[in-house]
Amino acid sequence: MKHTNLFANHSVTFATLLLLGSWLVTCQPAPRSVAMQTTNSATPRKVGIVASQGMVSSAHPLATAVGVEILKQGGNATDAAIATFFALAVVYPRAGNIGGGGFAVCRQANGESTALDFREKAPQKASRDMYLDDKGNAQNHLSLAGHLAVGVPASVEGMVALHKKQGKLAWATLLAPAVELAAKGFALTQHEAKYLNQYSEEIIANNPKSIPQHLVKAEGWKEGDWVVHKDLAKTLRLIQEKGRAGFYEGETAALILKEIQRGKGILSQQDLDNYQAIWRTPLIGNYKKYKVITMPPPSSGGIILLQLFRATENYPLRKWGHNTAKTMHVMVEMERRVYADRSVYMGDPDFYKVPQTMLLNKNYIKSRMANINLTQKTPSQQIREGKVEQIESFETTHLSVVDKDRNAVAITTTLNGNYGCKVMVEGAGFFLNNEMDDFSIKVGVPNQFGLVGGEANAIAPNKRMLSSMTPTILADENNKLFMVVGTPGGSTIITSVYQTILNVIEHQMTMQEAVDAKKFHHQWLPDEVILEEKSFSEQLQKQLAAYGHTISYAPTLGRMDCVLVLPNGTLEGGADYTRGDNRAIGY
Ligand code: GLY
């Protein structure tokens, strides 16, 4: 059989990779960035991994290593991204997935760009008020956990579509490393052990007693524990052999539907049959001399990012300095205004006419920002009313790839919450998403990210829920690739992408410094500036309070995976190995 041969051909390489991977995870400390003297700075700079040929940056060292191996075998950026994607579904199951969905933004070496929407959809049997009780009260727990929270899984269809249009190597080759990781196992990182322990109660509550051994361990998981995903290996092999049909039809589809019926969910075979990824026209705007290529609706990320960049051009942020109170104040004021737009004007463009041209119109943005007071905050209630709630969960994941020809792929993918709806498809070994919570389940009722919404993002059968995922690629004034950026973080994705790009362009940071830099966030409601805790001085916080800002804290913000093309044409990978296990590897 063709795929078996390919698998055999590569088995030595991937076996080596597995060994390397377990060593990477268990024995090796996070890579130390290179401290380099740069021409325009007297102090040594922290530079990420630098390589001349290709670079992969993702949330897990094993997945990154898989992508680099594919590049070395002659795969292009799309091939490496697909292989990394499936590897993340094994080694990073709380966000990497085959049961969720996402977006890809790609830029070919010739400057052509594409955007793939493989966002989940509401099932055919979904209805606008499905999460309201008979008194009309929102039942958020139902959109967050369990079988009713599941949107139509979209990731496999997305990867198939990506491969069909842009892939070079055989599909089976791209799946082989993920199959092998699942079948032979890998060592848990400290972070992943911690998260499995933290979520074990919820996982047990939402799954049958026969819960697979690799999910719960009575004495708790620890770093270095070896896990084998037997059922997932079988499912991945079916996808490897049959492509789309290996997931949406036959044994896997039957297991999904059996699982959904066990929990009285509404997903049907018709939903699986009908799901299609959509190639959309990427949003392209400018920030100064850079071209910004990003994701259109049903992501809100691209519109908000371009609105922010348009507004930012009016302020001398470089002169004001990085993370000074003055810079942060004006960024927060811009953020609160564009997130207010999000709640009203953004949703699935196939169901709701998103006024994209108006939202990105220079005069509109100018008028929206006209009442920014440089010495005092504008309370969000004066911009628009709504209820407030604390942001809770941030799980999504991003990968950035650049190949030797300078093709680039940015993919952000998600199950929504950690381990999605916490339900694993029995016998198939993967978690299902809880993406239905990204809809506005009732006007004015915040979702898990504290985001509120209305008609534009109301539930309807077959509609895609609004997202904040913002995979983004920048080109320079010579139309050469400049940067590939993205992160998890729910509603905070957009502001982390925004800050990371500004950190490089305005504050002249290296890619690694831009990733490491402390982040902040404002999303209109709740009306508070969220700071990474223990990261901003008392003095700065007092200065922000003097502008009228209410401050709250998040343990971390952003977990970026990025690639920057350096002036000499080499690549700098920036991966967040302090906030997560993220790793950039180049060759
Ligand atoms: N599930 C998070 C997002 O799509 O924004």
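Using our numbering, you'd call the opening residue of the sequence shown number 116 and step up by one each time. Ideal Cβ positions, reconstructed from N, Cα and C, are used throughout, including at glycine.
Nearest neighbour of residue i, chosen from the options [CA to CA]
| i | options | result |
| --- | --- | --- |
| Leu382 | Lys404, Asp520, Lys240 | Lys240 |
| Leu655 | Phe233, Ala440, Asn572 | Ala440 |
| Asp696 | Glu338, Pro561, Thr350 | Glu338 |
| His622 | Gly436, Gln638, Asn548 | Gly436 |
| Leu290 | Leu351, Thr587, His444 | Leu351 |
| His636 | Glu647, Glu628, Val630, Gln627 | Glu647 |
| Ala360 | Val275, Ser606, Leu596, Glu317 | Val275 |
| Leu679 | Gln627, Tyr613, Met446 | Gln627 |
| Asp642 | Gln496, Tyr314, Glu428, Gln614 | Gln496 |
| Gly282 | Asn212, Leu186, Lys468, Val343 | Leu186 |
| Gln391 | Val165, Asp465, Ser173 | Asp465 |
| Val407 | Ser414, Ile418, Pro413 | Ile418 |
| Leu596 | Val524, Leu617, Gln563 | Val524 |
| Asn225 | Asp553, Gln384, Asn522, Asp631 | Asn522 |
| Tyr207 | Glu295, Ala455, Tyr310 | Tyr310 |
Local Cβ density within 10 Å of residue i, reported as buried at 16 or more and exposed below that
| i | result |
| --- | --- |
| Gly745 | Look at the range of the chain in this structure, 116 to 702, and you will see that residue 745 is not part of it. |
| Lys649 | exposed |
| Asp249 | exposed |
| Trp341 | exposed |
| Ser258 | buried |
| Leu681 | exposed |
| Pro603 | buried |
| Met443 | buried |
| Ala297 | buried |
| Gln313 | exposed |
| Leu489 | exposed |
| Ser482 | exposed |
| Gln614 | buried |
| Pro238 | buried |
| Arg147 | The pLDDT assigned to Arg147 is 45, lower than 50, so where the model puts this residue is not dependable; a value taken from the coordinates is nonetheless given after this. That one is exposed. |
| Lys634 | buried |
8 Å Cβ cutoff met for residue i and residue j
| i | j | result |
| --- | --- | --- |
| Gly163 | Thr625 | yes |
| Met584 | Met410 | yes |
| Ile526 | Met245 | no |
| Met539 | Pro327 | yes |
| Val271 | Met551 | no |
| Asn533 | Arg209 | yes |
| Arg416 | Ile609 | One detail in the question is off: residue 416 reads as Gly in this sequence, not Arg. Yes. |
| Arg674 | Lys236 | no |
| Val453 | Gln422 | yes |
| Lys404 | Glu592 | yes |
| Thr529 | Gly215 | yes |
| Ile393 | His278 | no |
| Ala202 | Ala178 | yes |
| His262 | Gly189 | no |
| Tyr430 | Val445 | yes |
| Leu547 | Ser606 | no |
| Leu347 | Thr367 | no |
Residue i - DSSP class collapsed to helix/strand/coil
| i | result |
| --- | --- |
| Lys240 | coil |
| Phe564 | coil |
| Trp639 | coil |
| Ala219 | strand |
| Val271 | helix |
| Trp336 | coil |
| Gly251 | coil |
| Thr585 | coil |
| Gly711 | Nothing in the structure corresponds to residue 711, since the chain is present only between 116 and 702. |
| Lys481 | helix |
| Asp676 | strand |
| Ser495 | helix |
| Arg698 | strand |
| His513 | strand |
| Glu647 | strand |
| Thr610 | helix |
| Ala525 | strand |
| Lys279 | helix |
| Lys324 | coil |
| Tyr454 | helix |
| Phe545 | coil |
| Tyr460 | helix |
| Gly365 | helix |
Check: residue i C-beta below 7 Å from any heavy atom of the ligand MN
| i | result |
| --- | --- |
| Asn531 | With respect to small molecules bound, the structure shown includes the ligand GLY and not the ligand MN. |
Rounded Cβ spacing between residue i and residue j (contact assumed at less than 8 Å)
| i | j | result |
| --- | --- | --- |
| Thr665 | Arg694 | At roughly 24 Å, the Cβ-Cβ gap does not stay under 8 Å, so Thr665 and Arg694 are not in contact. |
| Ile700 | Val171 | 6 Å |
| His513 | Pro397 | With a Cβ gap of about 16 Å, His513 and Pro397 do not count as contacting. |
| Ser173 | Asp676 | 6 Å |
| Val205 | Ala293 | 5 Å |
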